[in-house]
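Visitor: Oh and the sequence shown: position 50 is 50 in the UniProt record's numbering, straight run, nothing missing.
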Amino acid sequence: MKNNNPYSALHSFFKGLFKAAFIELLPDIITALKQQGFQVESPRDEFLDAPASADFIGESLSSFYHRTSKREIPFYKRGKKIFCKRSELTEWLEAGKHPSRFEIRSELQHRKPS
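1) What are the start and end residues of the beta strand (DSSP E) that includes residue 49?
2) Pull up the distance between the alpha-carbon of residue 106 and that of residue 28, whole angstroms please.
3) Using CA coordinates, which residue listed in 46, 37, 82, 45 is at the minimum distance from residue 62?
4) For a test of the three-state rule: what should DSSP assign to residue 23, helix, strand or coil?
5) How is residue 83 classed by DSSP in three states: helix, strand or coil?
6) Looking at the unbroken alpha helix (DSSP H) that takes in residue 105, where does it start and where does it end?
7) So who's on the other strand from residue 78, going by DSSP bridges?
8) Are the CB atoms of residue 60 and residue 84 within a distance shorter than 7 Å?
9) Select from 10, 19, 104, 73 the residue whose C-alpha is nearest the C-alpha of residue 94.
10) Comparing alpha-carbon positions, which option in 46, 25, 92 lies nearest residue 68?
11) Can you give me the C-alpha to C-alpha distance between residue 39 and residue 33, rounded to a whole angstrom?
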């Protein structure tokens, strides 16, 4: 049975719009609350299974398993299952940062001549 209520479509539209806006503003809201002295607890560090971990870092499951076998990625193993903490995968990704040309030039300009 089709819903002929015109407000239903508007409700769905605005619900999606507000959700997207809230998600976009959430980091700024948390920062503002912290500056006001509020304690903002971060959610408990989430464990991801192998497929979710591979998806999180943007690799195929096969490549993910290859990296774990080479011990390139931090992981936990219980029985035959492999798990990763989301925060540790984020740290691993951030550790691979290469400086941009602008950052390199800026660093060279700020160095004192020997």
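Ideal placement from N, C-alpha and C gives every residue a C-beta, glycine not left out.
Guide: Taking the definition as stated:
1) Position 49 of the sequence shown, counted from the start, is the residue given in the question as residue 49. That run of the beta strand (DSSP E) goes 47-49.
2) Residue 106 sits at position 106 when you count from the first residue of the sequence shown. Residue 28 sits at position 28 when you count from the first residue of the sequence shown. Near 28 Å, if we compare the C-alpha coordinates of residue 28 and residue 106.
3) Along the sequence shown, read from residue 1 onward, the residue named residue 62 stands at position 62. Closest in alpha carbon position to residue 62, among 46, 37, 82, 45, is 82.
4) Here residue 23 refers to the residue found at position 23 when the sequence shown is read from its first residue. Reduced to three states, the DSSP call for residue 23 is helix.
5) On the sequence shown, residue 83 is found 83 positions in, with the first residue counted as 1. If DSSP states are grouped into helix, strand and coil, residue 83 belongs with the strands.
6) Against the sequence shown, residue 105 aligns to sequence position 105. 101-110 is the span of the alpha helix (DSSP H), which, as asked, contains residue 105.
7) On the sequence shown, position 78 is the one that residue 78 refers to. According to DSSP, which records beta bridges pairwise, residue 78 is partnered with 81.
8) For this step, residue 84 is matched to residue 84 along the sequence shown. For this step, residue 60 is matched to residue 60 along the sequence shown. Not in contact: residue 84 and residue 60 (Cβ atoms no closer than 7 Å).
9) Position 94 of the sequence shown, counting from 1, holds the residue named residue 94. Taking the Cα of residue 94 as reference, the smallest distance to any Cα among 10, 19, 104, 73 is reached at 73.
10) Looking up residue 68 in the sequence shown gives position 68. In this structure, 92 is the residue among 46, 25, 92 with its C-alpha nearest to the C-alpha of residue 68.
11) For the purposes of this step, residue 39 is identified with residue 39 of the sequence shown, where counting begins at 1. For the purposes of this step, residue 33 is identified with residue 33 of the sequence shown, where counting begins at 1. Between residue 39 and residue 33, the C-alpha separation is close to 8 Å.
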